[in-house]
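For reference, the structure is listed below as structure tokens.
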Amino acid sequence: LFMNGRVLELRDMAVAERLVHARALKDEGNDRFRQQDFSAAVSLYEKAAGIFRYAKNKDPNWRKRGVRDETIEEVDERGEPGSDVHEQVTSLLVSCYSNLAAAYLGRAVLPRDAEHTS
1 LFMNGRVLEL
11 RDMAVAERLV
21 HARALKDEGN
31 DRFRQQDFSA
41 AVSLYEKAAG
51 IFRYAKNKDP
61 NWRKRGVRDE
71 TIEEVDERGE
81 PGSDVHEQVT
91 SLLVSCYSNL
101 AAAYLGRAVL
111 PRDAEHTS
């Protein structure tokens, strides 16, 4: 999953500031989920989580050389372990990942349900 635009800008903010924006993205995802717009919900939940946890390629020439496991770094920016903000971000991430699972399931199930109800 490649992030761009606003998510990349948010990654430059302090963790506590990011949390405000990530919650807004998650809330918007919840709204889309309730509307059964599961693809939009997936995108929003991924963005909310991707503000704090993401993979980063350390090779500046990866586009020419390709993606290699040894050049990928997992980034986890939830704040200082044990801090209040770390706990809040962790809680948000758990919620986003749970919601992602439900949205993926909704995306997979909805077309079959629609066929059976016609």
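Numbering follows this note's numbering, in which position 70 of the sequence shown is assigned residue number 70; successive positions increment by one, without gaps.
Every residue gets a Cβ at the ideal spot worked out from N, C-alpha and C, and that includes glycine.
{"Asked": "Using alpha carbons as the reference points, say which of 79, 55, 78 and 76 lies closest to residue 68.", "Found": "55"}
{"Asked": "Name, in chain order, the residues that DSSP records as bridge partners for residue 55.", "Found": "74"}
{"Asked": "Tell me where the alpha helix (DSSP H) around residue 80 begins and ends.", "Found": "Per DSSP, residue 80 belongs to no alpha helix (DSSP H) and is neither H nor E."}
{"Asked": "Is there contact here, the stretch 23 to 43 with the stretch 92 to 108, by at least three beta-carbon pairs under 8 Å?", "Found": "yes"}
{"Asked": "Is the stretch 60 to 78 in contact with the stretch 35 to 43, if contact means three or more CB pairs nearer than 8 Å?", "Found": "no"}
{"Asked": "Is residue 61 helix, strand or coil when you go by DSSP?", "Found": "coil"}
{"Asked": "If you follow the alpha helix (DSSP H) that residue 37 is part of, which residue opens it and which one closes it?", "Found": "That residue, residue 37, is in no alpha helix (DSSP H); it is neither H nor E in DSSP."}
{"Asked": "Can the beta-carbon of residue 53 be found less than 8 Å from the beta-carbon of residue 76?", "Found": "yes"}
{"Asked": "I'd like the span of the alpha helix (DSSP H) that includes residue 67, first residue to last.", "Found": "Segment: none, residue 67 is in no alpha helix (DSSP H) and carries neither H nor E."}
{"Asked": "Find the nearest neighbour of residue 105 within the set 4, 72, 37 and 64, judged by alpha-carbon distance.", "Found": "37"}
{"Asked": "For residue 117, count neighbouring C-beta atoms within 10 Å of its own C-beta (all shown protein chains included) and say buried if the count is 16 or more, exposed if not.", "Found": "Unreliable placement is indicated for residue 117, whose pLDDT of 35 sits below 50; the coordinate value is still reported in the next sentence. Result: exposed."}
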